[in-house]
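Residue numbers (UniProt numbering), protein chains in the order written: chain A, 1 to 153; chain B, 1 to 153.
Glycine included, C-beta positions come from ideal geometry on N, C-alpha and C.
Since this is a predicted model, take the numbers as computed values, not measurements.
Protein chains: 2
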Amino acid sequence: MYTRADGTPSTCQVARTLDIVGERWSLLIVRNALRGQTRFSEFRDGLGVPTDILTARLATLVTAGVLDKRPYREPGCRERASYHLTPAGHGLALVEAALIQWGDTFNPGSEGPGSRLVDPATGAPARVAFVDADDRVLPGIAIVPGPAAITVW
Amino acid sequence: MYTRADGTPSTCQVARTLDIVGERWSLLIVRNALRGQTRFSEFRDGLGVPTDILTARLATLVTAGVLDKRPYREPGCRERASYHLTPAGHGLALVEAALIQWGDTFNPGSEGPGSRLVDPATGAPARVAFVDADDRVLPGIAIVPGPAAITVW
DNA sequence: GACTCTGAGTTGGATTCTCCAAGTTATGCG
DNA sequence: CGCATAACTTGGAGAATCCAACTCAGAGTC
Numbered sequence: 001m002y003t004r005a006d007g008t009p010s011t012c013q014v015a016r017t018l019d020i021v022g023e024r025w026s027l028l029i030v031r032n033a034l035r036g037q038t039r040f041s042e043f044r045d046g047l048g049v050p051t052d053i054l055t056a057r058l059a060t061l062v063t064a065g066v067l068d069k070r071p072y073r074e075p076g077c078r079e080r081a082s083y084h085l086t087p088a089g090h091g092l093a094l095v096e097a098a099l100i101q102w103g104d105t106f107n108p109g110s111e112g113p114g115s116r117l118v119d120p121a122t123g124a125p126a127r128v129a130f131v132d133a134d135d136r137v138l139p140g141i142a143i144v145p146g147p148a149a150i151t152v153w
Numbered sequence: 001m002y003t004r005a006d007g008t009p010s011t012c013q014v015a016r017t018l019d020i021v022g023e024r025w026s027l028l029i030v031r032n033a034l035r036g037q038t039r040f041s042e043f044r045d046g047l048g049v050p051t052d053i054l055t056a057r058l059a060t061l062v063t064a065g066v067l068d069k070r071p072y073r074e075p076g077c078r079e080r081a082s083y084h085l086t087p088a089g090h091g092l093a094l095v096e097a098a099l100i101q102w103g104d105t106f107n108p109g110s111e112g113p114g115s116r117l118v119d120p121a122t123g124a125p126a127r128v129a130f131v132d133a134d135d136r137v138l139p140g141i142a143i144v145p146g147p148a149a150i151t152v153w
C-alpha cells in the first residue's frame, strides 16, 4: 500500500504499520476482534463489510501476524474457521484507543461515545497518554528522526 | 468513508475518526506536518504522493479542522498557501505515536526506526501507554460499549 | 511589454479498489 | 436424497488512485 516503487519497505514506521492495518475496514475488524468477535459472520454482521473484502482483509491480517486462523467446532456442527488476535493484534489496542480518544476529544458523536476505555481490573475510566521511562505522564511528545533518518518517507 | 448507507455518522469513534484520517496518505501527511512541514511542495517531495491526491487530502483535512490553511509570503515571492496543524491536528500525535510504537514492537524495519519518540523537554525516550485517572500506568485496557451502545458498528 | 521561472495546483486517461448481488462449496441433519 | 448454513467466490458496475502533462498567477529579467 505504501511500499516504495522499488519494492523496498519504507523506513517510516507509520507507513509500514499502515501497510498492514491501513486498508479500509482493517482497523474496524481489529476493533471488533478486541471486543471478542472471532467469526466471519460476526465481523460481517457487526460491521456490514462486503464479504469479499472481509475475506481479503482477514487473509491480510493473518499473513501479517495480527490474527491467527483456527478451526473450531460447535457440538452438532461441522468445523469452521475462527480468527483470534495474536500478541501483535492485542498490541493494536493502543492504536484503537488513541483513535477512540481523539474522536471523543475532537469529533464527539451526538449520541455519546460508542466505546469507553476502562481499566480491566477495576472498570475505572482509563486513557492513553505519553509517559517517560519512569512511567511519569508527559504533557506532550516530539517525533524526531531516528537512526534510519528519513528524507523521503 | 465509513458513513452508513442512510448518511448518519457511525456511533463508533474509530469509524468516525477514520472517516477523517483513514484515507490513504492522510496520516502520513499529518505525520510530516508534526515534523514541521507546512507546504504543498514539502509534502509532495517528502511523501511522493500524487499531487491531485495531495490537493484532495489537504482540503479534507482543512475541512475536518485538522489543518489550517494560511497564506504566507517570503521576501521577493508572491503569496502562497501553507498548512498548519490545529489543536485537533496536534492531538493526532498520540495516534501517530501509537502507530510508530506498534511498528517498532511488532514489525521493526531492518535499518532501525525512522522516527523516535522523545520528551520534548529533555530529549529522553518516551512512549505511549494506558493510564488511569491518577496518571498511573496500567498494564492493559478494555474497550467496552459506551452510552451509544453499538450493535452495528 | 515579452519571456521565463516556480509553487500550487487541474485535467485526462489507465489502472486498481470497492461494492453489491448472486452463486458455490462443504458439511450435518432429517 | 433434499435442505440449511457458514464461509467464501465470482462478475460487473462504480469509485478511488496513479501518472504524466498541462494550467495559472505573480516575480524577476531583459
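Put simply, the CB of B:I20 is near chain A, with a gap under 8 Å to one of its CB atoms.
Going by DSSP, B:I141 is part of no beta strand (DSSP E) at all; its letter is neither H nor E. Taking C-beta separations shorter than 7 Å and ignoring five residues to either side along the sequence, the partners of A:G65 in its chain run T86 and A88, following chain order. The distance from the Cβ of A:I143 to that of B:S41 is about 21 Å, inconsistent with a contact at the 8 Å cut-off. Legend: CB atoms of the stretch 128 to 144 of chain A lying less than 7 Å from CB atoms of chain B belong to residues V128, A129, F130, V131, D132, A133, D135, V137, L138, G140, I141, A142, I143 and V144. Counting the other Cβ atoms within 10 Å of the Cβ of A:D45 gives fewer than 16, which makes it exposed. Taking 8 Å as the upper bound on Cβ-Cβ separation, chain B lies near residues L27, L28, R31, L34, R35, D45, G46, L47 and G48 of the stretch 26 to 57 of chain A. In the structure shown, B:D19 falls within a helical segment according to DSSP collapsed to helix, strand and coil. From the beta-carbon of B:T60, no residue of chain A is found nearer than 9 Å; the closest lies around 13 Å away.
Scanning chain B for C-beta atoms nearer than 7 Å to the C-beta of A:G146 yields G112, P113, G114, S115 and R116, reported in chain order.
B:E74 places its beta carbon 8 Å or farther from that of B:R31. Residues of chain A with a Cβ closer than 7 Å to the Cβ of B:T105 are, in chain order, G91.
For B:L67, the three-state secondary structure derived from DSSP is strand.
Judged by DSSP in its simplified three-state form, A:D132 adopts strand.
Among the residues facing chain A, B:L99 is included, as its CB has a counterpart in that chain under 8 Å away.
Proximity of the stretch 107 to 121 of chain A to the stretch 130 to 146 of chain B meets the contact definition, three or more beta-carbon pairs being nearer than 8 Å.
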